[in-house]
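Notes for the one structure printed next.
Residue numbers (my numbering), protein chains in the order written: chain A, 1 to 558; chain B, 559 to 678.
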């Protein structure tokens, strides 16, 4: 009902308006008592206040001021008897009616103002709703930003509850979490303290909610309410909730993503939740699931990595132990063969010599494999010691040439070098580079038929001029700068293109029956690769079947 | 005749070393664990010792240290036989006083050559 306050001490007017508003069923209150007026405005705001400018028993100007200071949400209509109205009073008025106006004009003036007031009310309500929504959106946004910033599941659940607090300002949330600790845990975020009895009831209620999610299916976790761990976060511990809590409005949602079930949450509030509140609640509960899933995956990756690291360590230890255990009996075998072959135990026949020599050659090979395995496991475990010093690569090349030229000669091969003079020194472990180069040259000797040539060359080269074989471009990235490049080129059997990429894989050549005949461990090239990588260098090769192979390695100058 | 003490818990290795060294006219004494090795070193005062690293009771490095810190024995050359295992690498951390390392599997002729060098 429309409520109108008339401030007037003209009895005729009061009576006139009373009968008039009675007809249209508007409630009319008439008073000139300022306290009464103020009380009315404070407690039961009228829709329209008609102020009679002829009123003498009250200071109208100060009354207007007071009304405006109390509320903006009221229409003031000024009633005048004469055309001559005080300016100060007009200032406060939304409309003016005069004694001479007909009733219908007065009514239409009042109604227009009422409609305007309603529209304004609606507008201000919409504004308020908009502001609410904006606040909620902001809160949701900041919550989802928080979600994106962590992979800690406990933090994620905390952010969820913070987000709910900001957007819904709840009395209590009961979060049953399956993902933050090894066992399920009930997290209570409550305004007030919760007694033991109430806690028992909350536990049972939460478990019923939880079971309702899996009706007819097996539960992901069986929970005994007696052993359920509870974490309580109480805002105002001085007050307590009573069982009336269960009469509060409440909402419930699972926290899950597809097959992954992380928990569920129930939220209580003393006042009613709106439809928007419900959407907001569901959104937050859903939003937290994705980072929880990521966190779960992340955790799994970490654990797998740890497992892999442990396996890798075990492998290294295993290799070390095995090689130790192999070396000792191997030593005895070798010693026995050496003694027999030395003739110290008496003459040996030619046939016996042949087989004893064969046995000794294979002992040597076995011991080579053990050494390579040990080297590789040491490098992979990062336990290989390197003695870096300024090294002249040509000295290394000369040394390798001098140690292997006899072997090459005995196979009818020519071993030559083509080194660039005055190459700058590189920071390297000369012994390890000798190991690399010896391996490459030995391979070349092994796979090159008689009367052919093997060439070792060295040169200074810029990364822009390095031509890496297409097969290795993907895996071999060179930083910009100057390098020393060494090449071992042979005219041997070559490598098929399909095998090229695998030459640096461990035991790669075991696939190849020819190389098995040639002897070797299949570890030489992977060791060379690792040793070079320890020098920030890299290795690759070019090869043409039946024509020969070129193995290149580069080591940076700085 | 020069005296050589061989200490290794691996009897076969001791046997082959003894064989070639005796063939080169050295007198060989053998111990099969660290405790005996240390005791015999003090009793016999050998001209040279061949020591294995990994042995029950007292390992080779410990024996080496005990002897090398003792003025009475510090001049005995010690050739250390090692299998280059991680465990042995860890033990080597401290100063051991070892004169020469021989990696398993070793060449008997080379061992004889080295012994000759030290006993020249």
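Where is the CB? At the ideal position from N, CA and C, for every residue including glycine.
Min CB distance residue i to chain A below 7 Å
{"i": "residue 570 of chain B", "result": "yes"}
{"i": "residue 666 of chain B", "result": "yes"}
{"i": "residue 663 of chain B", "result": "yes"}
{"i": "residue 574 of chain B", "result": "yes"}
{"i": "residue 581 of chain B", "result": "yes"}
{"i": "residue 641 of chain B", "result": "yes"}
Own chain, CB closer than 6 Å to residue i, minus 5 neighbours either side, in chain order
{"i": "residue 220 of chain A", "result": "261"}
{"i": "residue 234 of chain A", "result": "190 and 193"}
{"i": "residue 417 of chain A", "result": "397, 401 and 456"}
{"i": "residue 26 of chain A", "result": "2 and 4"}
{"i": "residue 486 of chain A", "result": "458 and 553"}
{"i": "residue 612 of chain B", "result": "none"}
{"i": "residue 632 of chain B", "result": "626"}
{"i": "residue 493 of chain A", "result": "447"}
{"i": "residue 585 of chain B", "result": "559 and 561"}
{"i": "residue 566 of chain B", "result": "572 and 610"}
Close-in-space but distant-in-sequence residues of the same chain around residue i (CB under 7 Å, 5 per side omitted)
{"i": "residue 9 of chain A", "result": "32, 55, 56 and 57"}
{"i": "residue 513 of chain A", "result": "Any reading at residue 513 of chain A is ruled out, since the residue's pLDDT is 48, under 50, leaving its predicted position unreliable."}
{"i": "residue 20 of chain A", "result": "103"}
{"i": "residue 558 of chain A", "result": "481"}
{"i": "residue 390 of chain A", "result": "425 and 427"}
{"i": "residue 325 of chain A", "result": "none"}
{"i": "residue 119 of chain A", "result": "none"}
{"i": "residue 412 of chain A", "result": "450 and 451"}
{"i": "residue 588 of chain B", "result": "564, 572 and 576"}
Candidates the options, of which the one nearest residue i by Cα
{"i": "residue 640 of chain B", "options": "B:625, B:618, B:653 and B:624", "result": "B:618"}
{"i": "residue 453 of chain A", "options": "A:549, A:461, A:351 and A:43", "result": "A:549"}
{"i": "residue 242 of chain A", "options": "A:533, A:111 and A:191", "result": "A:191"}
{"i": "residue 246 of chain A", "options": "A:254, A:258 and A:266", "result": "A:266"}
{"i": "residue 165 of chain A", "options": "A:527, A:555, A:407 and A:281", "result": "A:281"}
{"i": "residue 212 of chain A", "options": "A:252, A:239, A:523 and A:183", "result": "A:252"}
{"i": "residue 70 of chain A", "options": "A:290, A:44, A:86 and A:84", "result": "A:44"}
{"i": "residue 92 of chain A", "options": "A:443, A:352, A:52 and A:376", "result": "A:52"}
{"i": "residue 137 of chain A", "options": "A:284, A:354 and A:458", "result": "A:284"}
{"i": "residue 229 of chain A", "options": "A:155, A:345, A:187 and A:423", "result": "A:187"}
{"i": "residue 34 of chain A", "options": "A:65, A:18 and A:17", "result": "A:65"}
{"i": "residue 157 of chain A", "options": "A:121, A:254 and A:202", "result": "A:254"}
{"i": "residue 278 of chain A", "options": "A:94, A:169 and A:437", "result": "A:169"}
Beta-carbon gap between residue i and residue j smaller than 7 Å
{"i": "residue 249 of chain A", "j": "residue 217 of chain A", "result": "no"}
{"i": "residue 39 of chain A", "j": "residue 61 of chain A", "result": "no"}
{"i": "residue 133 of chain A", "j": "residue 263 of chain A", "result": "no"}
{"i": "residue 14 of chain A", "j": "residue 30 of chain A", "result": "yes"}
{"i": "residue 483 of chain A", "j": "residue 461 of chain A", "result": "yes"}
{"i": "residue 561 of chain A", "j": "residue 525 of chain A", "result": "Nothing in the structure corresponds to residue 561 of chain A, since chain A is present only between 1 and 558."}
{"i": "residue 112 of chain A", "j": "residue 77 of chain A", "result": "no"}
{"i": "residue 608 of chain B", "j": "residue 571 of chain B", "result": "no"}
{"i": "residue 105 of chain A", "j": "residue 79 of chain A", "result": "no"}
{"i": "residue 363 of chain A", "j": "residue 334 of chain A", "result": "yes"}
{"i": "residue 159 of chain A", "j": "residue 146 of chain A", "result": "yes"}
{"i": "residue 528 of chain A", "j": "residue 490 of chain A", "result": "no"}
{"i": "residue 287 of chain A", "j": "residue 144 of chain A", "result": "yes"}
{"i": "residue 374 of chain A", "j": "residue 153 of chain A", "result": "no"}
{"i": "residue 488 of chain A", "j": "residue 414 of chain A", "result": "no"}
According to DSSP, residues forming a beta bridge with residue i
{"i": "residue 462 of chain A", "result": "A:482"}
{"i": "residue 598 of chain B", "result": "For residue 598 of chain B, which the question treats as bridged, DSSP gives no partner whatsoever."}
{"i": "residue 400 of chain A", "result": "In the DSSP output, where bridge partners are listed per residue, residue 400 of chain A has none listed."}
{"i": "residue 240 of chain A", "result": "A:193"}
{"i": "residue 95 of chain A", "result": "A:77"}
{"i": "residue 522 of chain A", "result": "Its beta-bridge partners do not exist; DSSP assigns none."}
Test: residue i CB closer than 7 Å to a CB of chain B
{"i": "residue 328 of chain A", "result": "yes"}
{"i": "residue 331 of chain A", "result": "yes"}
{"i": "residue 338 of chain A", "result": "yes"}
{"i": "residue 324 of chain A", "result": "yes"}
{"i": "residue 334 of chain A", "result": "yes"}
{"i": "residue 310 of chain A", "result": "no"}
{"i": "residue 553 of chain A", "result": "no"}
{"i": "residue 212 of chain A", "result": "no"}
{"i": "residue 142 of chain A", "result": "no"}
{"i": "residue 367 of chain A", "result": "yes"}
{"i": "residue 344 of chain A", "result": "yes"}
Contact test: residue i Cβ vs the ligand GTP heavy atom, cutoff 6 Å
{"i": "residue 83 of chain A", "result": "Only the bare structure without any ligand can be found here, which leaves the ligand GTP out of the picture."}
Same chain, Cβ closer than 8 Å to residue i, five either side skipped, listed in chain order
{"i": "residue 289 of chain A", "result": "255, 256, 257, 260 and 262"}
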